[in-house]
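**Q** Got a structure for you, written out below as structure tokens; questions coming shortly.
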Amino acid sequence: MKHILPIALAAVLVTWVHTACAQVADRPALTLEAIHNSAAFVGESFEGGRWAAEGPVITFIDFDRTSQTTDLVSFNLETEQRTTLIEGRRLIAADVARPIYIEDYAYSANGTKVLLYTDSERVWRRNTKGFYYLYDTASGDLQPIADRAKGFQMFAKMDPAGERVAFVRNRDLFVVDVETMTETQLTDNGSPGCIINGTSDWVYEEEFGLRDGWQWSPDGRHLAFFQFDETSTREFAMTDLREQYPTYERFRYPKAGETNSEVRIGVIDMDTQTTQFFDTQTWQAGGERYEYISQIGWTPQVDGTHYIGMLRLNRNQNQLDVLYGNPTTGEVMTVLQEQEPTWIEVENGFSSQSSVGKITYLRDDAHFVWQSETDGYLHLYVYTNDGTPQGALTSGAWEVTQFHGLDEQNGFAYFTAAKENALERHLYRTSYRFTDAGLTVGEPERITEERGTHGVNMSSDLSYYIDSHSSAAKPTTVTLHRADGTQLDVLEDNSALIQTLADHALPTPEFTSVPGADGTALNAYLIKPSTFDETQTYPLLMYVYGGPGSQTVTDSWGGSRYLWHAYLAEQHGIIVASVDNRGTGGRGKAFKSATYKQLGLLEAADQIVAAQHFGDLDYIDADRIGIWGWSYGGFMTLLSLLTEDGPTTFKTGVSVAPVTDWRLYDTIYTERYMSTPQANPDGYRTTAPLAYADRLSDDQDLLLIHGDFDDNVHFQNAVQMADAFQAANKQFEFMMYPGRNHGIYGGATRLHLFTMVTNFLARTLGAEATAEQSGM
């Protein structure tokens, strides 16, 4: 039956519709240029700094625009008292006849000298090679620790007494006497393609985060260091074709199943300058029993001795040993051992109370805190320094995501956790005390209140914290708090960006739950146009990453990625969704490790079923569903398009920098989740998108994108995928970015990439696709 509206009511509705349309028309439109090639939506950030030993005081490097120099500044966050510690205009280095910029700094223990780092250059991901100078805080004298002509210096550090500075140069270790500035070479066998002393090879840097590979002992008597031998590893070469003749970048890159660098830990007696190496059964031992030493760190005194601690892993990374090496005798003992049926998260290795990691030594010099997933969720455990268990600090069906330390004076443990749900992160504390009966702990107390994600940076004495808070609807704001949560100040309110976003009235992600392939409820979000009409139908684009321990569905600010998704919704009427499949983080070890030895298959099955669930909604056009992702997400895009019901579920895919066969990726990451190709041949065969190239449907549209100077996921992956599609006579689109690495950025590169992808999606999913299907 047709309902006739009363004339008056009809007039009101017409007026309301015209007014709403006018409001939408008046709203400033998002543009790709604004998102990807301007600072329009970047917002302000709180630079932060380095906490002082006590109180709400930080030190930081400040750029002086007037003098075009850098100052080192101390700032009390509570009183806002600012003190200039080092004036950059006075840092005139005689050897280069100009002021130097401060890029990093370290004070001697007595505060009389500062080691300054400057003129750095990138080594793969970070600027870890440069030049160091010693600054005298009393006289203002500045002198280089070594002659620049000899080469870059890396990871220079003063000994605890401030009498010597050691550093790495050209794969060898050197030490300089501060009083005489006499340089002594400590190792002499470093060479390209062979021995590395004091730093790491490519794969250790990428997957274990190991760059700085040496440490002074707490008493300054010894220096412990990594030594790698990469002689037997294979070389990978990248070709730069942008000049008249090609140039090549060559480096050692062990791929899954191939030979890794040999690794061992040496210790130098600084009195005699003699070196001995610990027998960790990782050096030229062969086999897979002991393969890696992921981190090192000195212990407090245990029975009068500072030991060098080592984290040793087998090749499958499911057995972890904590080793103590005696620097005098060379003896090695196993203090703690952990085993898992899948893999062990190593975290950040050895840390002091002021910087936490897998193992964190307390200031009482008697205990350490150990992070472990042995009960199915990541929690905190206390041991005595000799490895005797004392009990758990945290427990339950939820995950600790960051440990901040123990306030040993007041008896509180501070940590961030996904305790409320996997989408949020909050700061908690729990009381604890040591008794004759063992460790006693209280119930966790939530400190942060506002919904969303809290990134917490606690002061050295755990009395204050800086809270970087965001949600899906609000960009990051930064506030200062006492440890109990009392807010003291707003450090950055980001008001300009918040107002800009309010002016645009962008859609907020709507969180929901969808079924996975096995019926498991999966976290998801939807971004709908602000003019969404449930009586209409819309195309859907799914954004996926999906890798082990990752999350795309969180109640946090999504930055440019969210803005582009909102742009697609607003300008092209494409609803955007994301689903955290099995294997992702925040939900415990079993959920995360379900994909063990079969990376991609369960995850893709979950994405396909989730897409079908969305397609059953009245407002989603099931014939216009696409999926896109980058890196692991690019790999997931291909598997989702090509496996199971993917060819009939997804109309469109955009795969950026994908792995297309795990045999092409590095040893440490791949074998952690897949074991080796020799031990798991079926797993490698069935998870390779290359194996499914012939399943690309004639009705599917695929855009494949890769940078040809990608040292991480090699361009080789895209080349082999293209070759497989061509062999199967499958049509697809392809874009290569010359000279670009895994991030595919630089200049207007991102604008070009997202313009191309937007046009592709508009043509294959949006209004253009609808017009084409209807014959218009």
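Just so we're aligned, residue 734 is where the sequence shown starts under our numbering, counting upward by one.
Heads up, the beta-carbon is just placed ideally off N, CA and C, and yes, glycines get one too.
How about the segment 768-784 and the segment 1176-1184: do they share at least three Cβ pairs that are nearer than 8 Å?
**A** The segment 768-784, when compared against the segment 1176-1184, does not touch it at the 8 Å Cβ threshold.
**Q** Does the Cβ-Cβ distance between residue 960 and residue 930 come in under 8 Å?
**A** Yes.
**Q** By DSSP's criteria, residue 1110 is part of a beta bridge. Which residues make up the other side?
**A** In the DSSP output, where bridge partners are listed per residue, residue 1110 has none listed.
**Q** Which partner residues does residue 1523 have in the DSSP bridge list?
**A** This structure cannot settle anything about residue 1523, because the visible part of the chain is limited to 734 through 1509.
**Q** For residue 1231, which beta-bridge partners are listed by DSSP?
**A** Answer is none; residue 1231 lacks a bridge partner.
**Q** Less than 8 Å between the CB atoms is what I'm expecting for residue 1314 and residue 1255, so what's the real figure, rounded?
**A** Indeed, because the Cβ distance is near 6 Å, the residues count as touching under 8 Å.
**Q** For residue 991, I'd like the list of residues in its chain whose CB is within less than 8 Å of its CB, leaving aside the five on either flank, ordered along the chain.
**A** Here the set comprises 966, 967 and 1400.
**Q** Which same chain residues, not among the five before or five after residue 1034, have their C-beta less than 7 Å away from its C-beta?
**A** Only 1098 meet the Cβ criterion.
**Q** Note down the Cα distance separating residue 1397 from residue 1453, rounded to an integer number of angstroms.
**A** When rounded, the distance between both Cα atoms is 10 Å.
**Q** For residue 1178, which three-state DSSP category applies?
**A** It is a strand residue.
**Q** As a quick exercise: from 1273, 1444, 1456 and 1489, pick the residue whose alpha carbon is nearest that of residue 939.
**A** Comparing Cα positions, the closest option is 1444.
**Q** Are the Cβ atoms of residue 923 and residue 904 separated by less than 8 Å?
**A** For residue 923 and residue 904, yes; Cβs fall inside 8 Å.
**Q** Examine chain B for any beta-carbon lying closer than 8 Å to the beta-carbon of residue 1213, and answer yes or no.
**A** The chain labelled as chain B is not found in the depicted structure, where only one protein chain is given.
**Q** With DSSP run on the structure shown, which of helix, strand or coil describes residue 913?
**A** Correct three-state label for residue 913: coil.
**Q** With a Cβ-Cβ cutoff of 8 Å, do residue 1113 and residue 1146 count as a contact?
**A** Against a cut-off of 8 Å, the Cβ pair of residue 1146 and residue 1113 comes out as a contact.
**Q** For the segment 1044-1096, list the beta strand (DSSP E) runs that are entirely contained and at least 3 residues long, ordered along the chain.
**A** For the segment 1044-1096, whole beta strand (DSSP E) runs of length 3 or above, ordered along the chain, are 1052-1058, 1065-1072 and 1092-1094.
**Q** Let's test the definition: count the other Cβ atoms within 10 Å of the Cβ of residue 1127 and tell me whether it reaches 16, buried, or not, exposed.
**A** Counting Cβ neighbours within 10 Å, residue 1127 comes out buried, since at least 16 surround it.
**Q** What's the call for residue 921, buried or exposed, on a 16-neighbour Cβ count within 10 Å?
**A** Exposed, by the Cβ-count rule.
**Q** Give me, in chain order, the residues of the same chain whose beta-carbon lies closer than 6 Å to that of residue 1208; leave out the 5 immediate sequence neighbours on both sides.
**A** Correct list, in chain order: 776, 1227, 1230 and 1290.
**Q** From the DSSP output, in three-state form, read off residue 1447 for me.
**A** Of the three classes helix, strand and coil, the one that applies to residue 1447 here is coil, per DSSP.
**Q** By Cβ distance below 8 Å, which residues in the same chain neighbour residue 751 in space, the five residues on each side in sequence not counted?
**A** Note that residue 751 scores 36 on pLDDT, short of 50, meaning its location in the model is unreliable; the coordinates nonetheless yield the value given after this. Closer than 8 Å at the Cβ level, and outside the excluded window around residue 751, lies no residue.
**Q** If the criterion is Cβ atoms closer than 8 Å, does the pair residue 1297 and residue 768 meet it?
**A** Yes.
**Q** Please classify residue 736 as buried or exposed, where buried requires at least 16 other C-beta atoms within 10 Å of its C-beta.
**A** Its pLDDT being 33, under 50, residue 736 is placed unreliably in this model, and the value from its coordinates should be taken loosely. So residue 736 ends up on the exposed side.
**Q** Cutting at 8 Å between CB atoms, please list the residues of its own chain near residue 954, excluding the five before and the five after it.
**A** Excluding positions up to five away in sequence, the list reads 1002, 1003, 1004 and 1060.
**Q** Compare the Cα-Cα distances from residue 1100 to each of 1080, 1106 and 1125 and report the closest residue.
**A** Checking every option, the nearest Cα to that of residue 1100 belongs to 1125.
**Q** Here's a check: name, in chain order, each residue in its chain whose Cβ is nearer than 6 Å to the Cβ of residue 983, leaving out the five neighbours to either side.
**A** Contacts found: 968 and 970.
**Q** Going by CA-CA distance only, name the one from 848, 842 and 1058 that's closest to residue 834.
**A** Out of 848, 842 and 1058, 848 has the C-alpha closest to the C-alpha of residue 834.
**Q** Which partner residues does residue 1254 have in the DSSP bridge list?
**A** 1248.
**Q** Drop a sphere of 10 angstroms on the beta-carbon of residue 975, count the other beta-carbons inside from all chains shown, and report buried for 16 or more, exposed for fewer.
**A** Exposed, since its Cβ has fewer than 16 Cβ neighbours within 10 Å.
**Q** When we look at the beta-carbon of residue 1070 and count the other beta-carbons within 10 Å, is it buried (16 or more) or exposed?
**A** Exposed, because fewer than 16 other Cβ atoms sit within 10 Å of the Cβ of residue 1070.
**Q** Quick one: what's residue 1187 bridged to in DSSP?
**A** In the DSSP output, where bridge partners are listed per residue, residue 1187 has 1202.
**Q** Determine which residues share a DSSP beta bridge with residue 809 and list them.
**A** Paired residues: 790.
**Q** Buried or exposed: where does residue 815 fall if 16 or more other Cβ atoms within 10 Å of its Cβ makes it buried?
**A** Looking at its Cβ environment, which holds fewer than 16 other Cβ atoms inside 10 Å, residue 815 is exposed.
**Q** Can you give me the C-alpha to C-alpha distance between residue 1050 and residue 1057, rounded to a whole angstrom?
**A** If I take the Cα positions, the gap works out to 19 Å.
**Q** How would you call residue 1223, buried or exposed, if buried means at least 16 neighbouring beta carbons within 10 angstroms?
**A** Flag for residue 1223 reads exposed.
**Q** Only counting the same chain, and skipping five residues up and downstream in sequence, which positions put a Cβ closer than 6 Å to that of residue 1251?
**A** No residues qualify anywhere along the chain.
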